[in-house]
Amino acid sequence: MMSNFSRSPWILHYDGSSCNGCDIEVLACLTPLYDVERFGVLNTGNPKHADILLVTGSVNERNIEIIQNLYRQMPDPKVVVAVGACACSGGIFARAYNIQGGIDKVVPVDVYVPGCAARPESIIDGVVQGIAALEEKRKKTA
Amino acid sequence: MFAWIAGILFVVLAPIFGGLLVGFDRIISARMQGRVGPPLLQPFYDFGKLLQKQARQVNPVVEPLILGHVAFMAITGLLLLSGTDIIFCAFVFALSALFLVLAAGSVNSPFSNAGAERELIVMLASEPFFILMMAAVCKVTGQSSFAGVMASSHLVALELPGVVLAFLMVATIKLRKSPFDISTSHHPHQELVSGLTTDMSGRMLAYVELAHWYESALLATFVVLLFNWSIALGVVVFLVAYFLEILVDNSTSRIKWQLVLRSTWIATLLFSGGNVLVLFLVAR
Amino acid sequence: MSSLVAFLIAFPLLLGAVLLLVTRASIRNPLVLLGGASIIVASIVTVVTFGNGDGIFFGLPNGIEPGYALLAAEIAMTSFIVVIGLANRRFLAPAMALVQLGIALWLELTGRMPEIDAQRLFYFDRLSMIMVLIIGIIGTLICINALGYMRDYHRASPMIKGRRNVFFSLLFVFLAGMFGLVTSNSLPMMLLFWEITTLCSFLLIGYTRTNETIGYAFKALNMNLLGGLAFGIAIAILATNGQSLELSELTKGTASGVLLGAVALLCLAGITKSAQMPFSSWLLGAMYAPSPTSALLHSSTMVKAGVFLLLRLSPAIATTPVGYLVAFVGLGTFLFVSLVAVTEQNTKKVLAYSTIGSLGLVVGCAGVGGPELMWVGVMIIIFHALAKGLLFLVVGTIENRLYTKDMENFDTLLSRLPRVSVLALVGMAGMFIAPFGIVIAKWAAIRAFLNVPGGQGAVMILIMAFGSSLTIFYWGKLLIKVLSMKNIGEYERSIEGRVTRYEWFTESALAIGVLAFTALIMPISDKVISPWALGAFNQAPRTLLNIEPAMLVVLLAAVLFLPLLAIWASHRSYDTSDFYSSGRNTNAQHVMGAALGGTRTVSLRSYYLDGVINGSLIFRLGTATCAGVLIAMVVTGMVVR
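Protein chains in written order, with the working numbering: chain F, 1 to 142; chain E, 143 to 426; chain P, 427 to 1067.
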């Protein structure tokens, strides 16, 4: 049986050092073509309301603190979905002087969505896997 | 006794009505934007999830204040239907809104605080109308209770066309719809993050939703007061008005607080005030 | 009865004289406490002896006649005003005082002053009873509170020369004046007490003797003397036309002819005393006085003398054009000052505007008349005395801890002064939250205005709707400031330790009073307020307002339930979090990182509706409008026959 968590995953989208390619694709998910609100997905823009932290782009020196703060402010249970090559590993910027690498350098990542840029279908797929991880965590805490 | 049963029924059923209303709202809004939209019961799924989430709060006064907000919304309905003076109910209605303001204001954060102050402004914009409306209804029918107004032979809306017009405008504020949604900023237009509710999570947010459902049901009850032919007619009129609100919500952008205050006050003064003045001048 | 009332007037006067000689706190404190306790006991005994509640007339004990004592007292006071006015090079006040004395002398010397029955000098009914309780209990509590406040006040501002003996002496002399005022039936005697309160107010506002406060003191003196002068002229009109100088005769029914002119002038006097527009500016200036003065004179008691007189006069002016014009001065003031209060940042001035507004409502009620509105007027007087007195005292306590009256600096008050904040919350709740008395009164007022015929009824309802909403706005803003807290675990340290026990005792007592009165609103209404309101209009006993017990029970339960909930919440362990600030979190000092490695301090400010409401413009507009209505009122009273 589907719990309320699977039916109502609310997302916080954070843009790290992204080239904005993945961000465009994330927003495409909200458009009439993909319409993720069909599955109860909301883009909240507020960590305190969110269940899923969806990060695009890599981690740099300046946003370590921000990502950690946002993650910390999300209420449990919560999952992190890294979207795109940069978020997964640092991507083509990995060797740049200011880049730390993928999101998993600073917060625990549950789902990795590959692609440069990640396609909307795979982003949605990543969120669905995120929901499964969310259910897992909920059961653990319950 | 019957009145008390009606009041208790309101407390039980209003959330269902309000929740379904929000469900329809989200579907219709999505259709207007060319999308399919969420299931009808989505607001209830969200509500259930929020109750199960961890509730982290910034300070210990938030939860009592939010509970006060919900409780007084429900009490307003209970009092209104159980026969308490309807003008007094308008004051209790304002008290409930005030609790939400205080809950958000007690969080010493920029977003919550700006939301709280803006909510005070929209209260300032809408409150005169509700007091005036209740007073006008009492004046027209000579009654002071819900049952009395419903039993009155006066058809309120016919004698209060100006008040009905102003209601359409002021209801936009209470339903938290664009262009007047300056305090919570629903939807992802996020200049204020989530305004009032920015620092509320888990069950706190669920309570705020619940209170909003009550609030919608209360507004429907107010429409029933204005269209006192029958309850069914009132509800139908409310639904039509709600549809118009959704249309406006989807076709306008948020305006500045100055304009909210000025336009609402002018509407209240011109339409309701003028209407009430005429009423007094021609009255017995 | 007569000896009790004589005691209430003479004892504070005597105590005041003694306190003038006492300069040491170790002697003054027990004296004030003992004296205060005696006054409280005496006022309660007076009320208990009063018995069945019908109005009674009486004279001085043993049938003593005041004779020329009144005139002598008046000459003494006038000479004092003349001397102090000339010493400060202010000439208006001495001039007005001399004219008034001239009128009194002329009446007396030409034998025009009618004889006053020595057994009908005083009148005592349920309204006097309420006022005696307010003055005797709330007034005395405020005097006791001042013991603590003044110590810290002089510690905080060592530049001000301490004259605490004068201060406490004046407070008690003032109480004597008030007791006399609310029990007088003879108008000349009432005028004497009226001027005593004016003079006390003048001296207390000028307590610090800076140029600024002396200016405000003279402003208050001038405006109140103008009212006194109107009072004096009214007496002259009555006397020269062979009318009775007894207040009870004047208020038997609707006034007409020459009586209406005199009553209109008395209304003018009441309006100046209650600081209605165009005379509001004196009360705002009076806010520079120490806070207990503001609590005692400028909110709980003295300004109530004006509305007390208007309520007494209401049967004479109700349904006349004069009555409606008086009502519009009051309601207009309520609306205008509520608009101005929204733009005000100084907490004491917000309290002052709110006071003027509440009194405006009472003036509106008195002008329109009728038992329902009398009920509303008395309800507001009682509740305002409790809640606003409490608020002024609390703000005084806060001011002595934070060294500021600016409400923007009241941030995180609940963390810094937790128990004081709770007292402030009770006071504010009393002023504008639903089941408490003032909101009940506003609601009852709207109900009554619905029955006012013609366009003026509609305008009154509009004023009530907009005015009440503005009230919610400015109180709400202040409440946000008081309730705001920093992040959990980062509370500022409480700085409550040095609040004196005098302040704790008196402020808690008033807070309990607010709650108790709300709980007992129905019995008090049935036993005291309704019978008086109906009696004033010679109507048979009936239920005035349909307050269903169910509605009160539900609301009261909810209101009492919330504090319990708060206590429960404070003992519960929560998952805590800091507030959201876009991922750049602040530290305990509210400092957050900013661009280029810099830092920024987060500070929150309220809305003052700049650009929509222009406070000073509205104030001038209100003053002009109300002045126009007021002049129309006096002219109508004089001309319409």
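Positions of the beta carbon are idealized from the N, C-alpha and C atoms, including for glycine.
All of these numbers come straight from a predicted model, not from anything done at the bench.
Pairing G210(E) with F233(E) gives a Cβ-Cβ distance that is not under 8 angstroms. Of the candidates A966(P), G511(P), N835(P) and E534(P), N835(P) places its Cα closest to the Cα of L905(P). Under the rule that a run must span 4 or more residues, the alpha helix (DSSP H) segments found entirely inside the region 449 to 532 of chain P read 451 to 476 and 495 to 513. M977(P) sits in a helix when the DSSP states are folded into three classes. Chain F has a Cβ within less than 8 angstroms of the Cβ of N1011(P). The beta carbon of V127(F) sits closer than 6 angstroms to none of the beta carbons in its chain outside the five residues before and after it. At least one beta carbon of chain E lies nearer than 8 angstroms to the beta carbon of K903(P).
The three-state secondary structure of M576(P), taken from DSSP, is helix.
Counting only residues of its own chain and dropping the five nearest sequence neighbours on each side, G1019(P) has a CB closer than 7 angstroms to the CB of R1010 and T1025. In the DSSP secondary-structure assignment, I99(F) is bridged to N60(F). Collapsing the DSSP output to three states places I147(E) in a helix. Exclusion of the five residues before and after R119(F) leaves E25 as the residues of its chain whose Cβ lies within less than 8 angstroms of its Cβ.
Under the Cβ criterion of 8 angstroms, N46(F) is counted among the residues facing chain E. Taken through DSSP and simplified to helix, strand or coil, N46(F) comes out as coil. DSSP places W371(E) outside any alpha helix (DSSP H), giving it a letter other than H or E.
Beta-bridge partners of D15(F) (DSSP): T56(F).
Under the criterion of beta carbons closer than 8 angstroms, G101(F) and V59(F) qualify as touching, at roughly 6 angstroms. Against chain F, the beta carbon of A197(E) has neighbours under 9 angstroms at P75, listed in chain order. Per DSSP, the beta-bridge partners of Q199(E) are T1002(P).
The residue from V608(P), A721(P) and L765(P) with its alpha-carbon nearest to that of G696(P) is V608(P).
Interface residue (Cβ-Cβ distance to chain F less than 8 angstroms): S910(P) is not classified as such. At a cut-off of 8 angstroms between beta carbons, L30(F) makes no contact with chain P. If you ignore the 5 residues before and after P967(P), its C-beta comes within less than 8 angstroms of the C-beta of S956, P957 and L960, all in its own chain and listed in chain order.
Contact check for M522(P) against T1049(P) fails: the beta carbons are separated by 8 angstroms or more. At least 8 angstroms separates the CB of A425(E) from every CB of chain F.
Less than 8 angstroms separates the beta-carbon of L655(P) from that of V525(P).
Close CB contacts of L686(P) within its chain, under the 7 angstroms cut and outside five residues either way in sequence, are with T746, V748, G1063 and V1066 (chain order). Scanning chain F for C-beta atoms nearer than 8 angstroms to the C-beta of A172(E) yields D35 and E37, reported in chain order. Close partners of M833(P) in chain E (Cβ separation under 7 angstroms) are lacking, with about 13 angstroms as the shortest Cβ gap. Within the same chain, F875, L876 and N877 come within 8 angstroms of G883(P) by CB-CB distance, once the 5 residues on both sides are set aside. Taking the C-beta atoms as reference points, G1041(P) is found nearer than 8 angstroms to T769(P).
According to the DSSP assignment, V1017(P) belongs to the beta strand (DSSP E) that extends over V1017 to G1019.
Per DSSP, reduced to three states, the secondary structure at R119(F) is coil, with no helix or strand assignment. L486(P) and K774(P) have their alpha carbons spaced roughly 40 angstroms apart. Bounds of the beta strand (DSSP E) holding V80(F) are V79 to V83.
Nearest Cα to K699(P) within the set V474(P), I782(P) and R516(P): I782(P).
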